[in-house]
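Trainee: Dropping the structure in here first, questions after.
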Amino acid sequence: MVLTLKVKNPRVPLTELEQSAFCTTEPLDTKPLIEELKAGVRWQQLPDEYVHLDATQLRARIGEARRKLGKKAVVLGHHYQREDIIQFADIRGDSFKLSQLAAQQPDAETIIFCGVHFMAETARVLSQAHQRVVLPNLQAGCSMSDMAPTGDVEDCWDDLTNVLGKGEAVPVAYMNCTADLKALCGRNGGIICTSSSADKTVRWAYDRAPRVIFFPDQHLGRNTGLKMGIAPDEMVLWNPFKALGGNTPEQLKKAKLILWKGHCSVHTRFTVAQVQKARERYPGVNIMVHPECVNEVVRIADHVGSTEAIVRTIAAAPKGSVWGVGTEINLVSRIAHENPDKTVFCLDPIVCPCATMYRIHPAYLAWVLDELAAGRVVNEITVGEETARYARIALQRMLDVG
Ligand code: SF4
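Using this note's numbering, the letters of the sequence shown map in sequence onto residues 838 to 1239.
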């Protein structure tokens, strides 16, 4: 019999301090969790025996639990996870691809999502009825997702409906948000997008209404709008701490694109100065950045693309080419390792992993796998039936757009 320990899904907003807690000039080698616990972030408690194990002991422990579980558990590793997690991943990729592929493996009763909370929720929404989803560390949230609390976005939507009238705006949510917000889109004629489908989905939205409210990432929204020819003065920022987001009713009526004031703490670290420095140091360097970067950086980059696009583009690039990359350091290091015939480096000279992704320390993976092998489920992520139904509607619209 499998015993499920009920846990409350985390809703702890991350602080600015936490976002840079793991920035270092040293290599990112896994230390026993007891040492990493010194970083000023919130950690989920786990049994004491796990916190002292070093990387080699943890590898052995995870390998043993995986052997016992066989195909009953599938481990998903997001591109931004550390190497000591990725080596155990059955599938690696971006969040949406992982969720889709896991759902296609009926033997896998348990999907262990090594990523962050909204990703595990998406996997839960897309998975089959007999599957369950586990997030190894419940404190692995996402600062961007936290910047759009459900109540604040619902208030914004009500305000917009009052000011503009019904049917005058379409909600477009980036994948990096809670299941509640995906459901809000499903319920209100909206759609979800990934960083690679933002153009198509925003165009889909403009076929249905004269305005779009894009959340939670203002930068992906702005970069998408500018690419489509929307002028900067046709965009307004919605600050959830101000009445009407800091706008007048007239400004909202004039706006074509309303951008939620959220951002990614990793991608907003990349600057114009870093790009210039890379070009001085490596004449002919190819600069490729993620569309969550600020527009000043996106504008001067040679290539802009999602994590999957960055992996693909550099893999297909000619031997000897040089790449300055603006995305999370664990992914950049892996691309560099897997492309030894090219020079690949991160634009940011400080090693700054995503502080929430980094909380999936191998000790947590070992713990959830050991528990599972013993017939107990810890850290299960659940989504209410109605929320899941509406979230699926919004996700399906995205898939239909192609
Ligand atoms: S990289 Fe940015 S958007 Fe992705 S999980 Fe980390 S904080 Fe969130």
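The beta carbon of each residue, even a glycine, is placed where N, CA and C say it ideally should be.
Predicted, not measured: the structure shown is a model, and the values here were computed from it.
Consult DSSP for G1239 and reduce its assignment to one of helix, strand or coil.
Mentor: If DSSP states are grouped into helix, strand and coil, G1239 belongs with coil.
Trainee: Return yes when at least one heavy atom of the ligand SF4 lies under 6 Å from the C-beta of N1167, else no.
Mentor: Checking every heavy atom of the ligand SF4 against the Cβ of N1167, none is found closer than 6 Å.
Trainee: Just to check my reading of the structure: L1094 and F1051 have Cβ atoms closer than 8 Å, yes? What is that Cβ distance to the nearest angstrom?
Mentor: Rounded, the Cβ-Cβ distance is 6 Å, consistent with contact.
Trainee: Do you know offhand how far D1054's Cα is from V1122's?
Mentor: C-alpha separation (whole angstroms): 28 Å.
Trainee: Classify G1058 as helix, strand or coil using the three-state DSSP reduction.
Mentor: Of the three classes helix, strand and coil, the one that applies to G1058 here is helix, per DSSP.
Trainee: In whole angstroms, give me the CA-to-CA distance for H889 and T1105.
Mentor: Roughly 34 Å between the two C-alpha positions.
Trainee: With a 10 Å radius around its C-beta and 16 neighbouring C-beta atoms as the bar for buried, classify I1137 as buried or exposed.
Mentor: Exposed, since its Cβ has fewer than 16 Cβ neighbours within 10 Å.
Trainee: Under 6 Å from any heavy atom of the ligand SF4, does the C-beta of C1189 make it?
Mentor: No; taking the cut-off as 6 Å, the Cβ of C1189 has no heavy atom of the ligand SF4 nearer than that.
Trainee: Classify G1221 as helix, strand or coil using the three-state DSSP reduction.
Mentor: It is coil, neither helix nor strand.
Trainee: DSSP three-state label for G1082, please.
Mentor: It is helical.
Trainee: V878: beta carbon under 6 Å from a heavy atom of the ligand SF4?
Mentor: Every heavy atom of the ligand SF4 is 6 Å or more from the Cβ of V878, so no.
Trainee: From R1234, N1216, V1238, pick the residue whose C-alpha is nearest to that of R969; which is it?
Mentor: Minimum Cα distance to R969 is reached at N1216.
Trainee: Quick one: Cα of L1057 to Cα of P1190, how far?
Mentor: Going by the C-alpha atoms only, they are around 20 Å apart.
Trainee: In chain order, what residues of the same chain lie with their CB nearer than 8 Å to the CB of V1148, ignoring the 5 residues before and after it?
Mentor: Only H916, L1168, I1172 meet the Cβ criterion.
Trainee: At the level of alpha carbons, what is the spacing between S982 and I949?
Mentor: If you take the alpha carbons of S982 and I949, they lie about 20 Å apart.
Trainee: Could you tell me which whole alpha helix (DSSP H) segments of length 4 or greater appear in the segment 869 to 945?
Mentor: Segments of the alpha helix (DSSP H) lying fully in the segment 869 to 945: 870 to 873, 885 to 888, 892 to 906, 920 to 923, 932 to 940.
Trainee: Could you check where the alpha helix (DSSP H) with L1094 kicks off and where it finishes?
Mentor: Premise fails: L1094 lies in the beta strand (DSSP E), 1094 to 1097, not in any alpha helix (DSSP H).
Trainee: Out of curiosity, what's the CA-to-CA distance linking I899 and I871?
Mentor: Straight-line Cα distance between these residues: approximately 18 Å.
Trainee: Out of L1202, M1012, M1125, V1214, state which residue places its alpha-carbon closest to the alpha-carbon of Y887.
Mentor: Answer by Cα proximity: L1202.
Trainee: Rounded to whole angstroms, what's the CA-CA distance from D1044 to M1012? Just pull it up for me.
Mentor: Cα-Cα distance, rounded: 21 Å.
Trainee: Using a Cβ-Cβ cutoff of less than 8 Å, which residues in the same chain neighbour V1220 once the five nearest sequence positions on both sides are dropped?
Mentor: Excluding positions up to five away in sequence, the list reads E958, R961, V962, A1016, A1228.
Trainee: S1170: which of K1156, G1157, I1151 sits nearest, CA to CA?
Mentor: Of K1156, G1157, I1151, the residue nearest in Cα terms is I1151.
Trainee: Hey, could you find the ends of the beta strand (DSSP E) G1157 is sitting in?
Mentor: Run containing G1157: none; DSSP gives neither H nor E here.
Trainee: When burial is assigned at 16 or more other CB atoms within 10 Å of the CB, is V839 buried or exposed?
Mentor: Here the model assigns V839 a pLDDT of 47, short of 50, so the residue's position is not dependable, and the following value carries that caveat. Exposed: under 16 other Cβ atoms inside 10 Å.
Trainee: Could you check where the alpha helix (DSSP H) with N1167 kicks off and where it finishes?
Mentor: 1166 to 1175 is the span of the alpha helix (DSSP H), which, as asked, contains N1167.
Trainee: Quick check: what's the CA-CA separation for G1099 versus C979?
Mentor: Rounded to the nearest angstrom, the two C-alpha atoms are 11 Å apart.
Trainee: Given that a residue counts as buried once 16 or more other Cβ atoms are within 10 Å of its Cβ, and exposed if not, what is L874?
Mentor: L874 is exposed by the Cβ-count criterion.
Trainee: Leaving out the 5 sequence neighbours to the left and right, which residues in its chain are closer than 8 Å to S857 when beta-carbon positions are compared?
Mentor: Excluding sequence neighbours, S857 sits near S1102, C1189, A1192.
Trainee: Since Q1088 contacts V1073 with CB under 8 Å, what's their CB separation in whole angstroms?
Mentor: The Cβ separation is near 6 Å, so the contact holds.
Trainee: I'd like the span of the alpha helix (DSSP H) that includes M956, first residue to last.
Mentor: Unbroken alpha helix (DSSP H) run through M956: 954 to 963.
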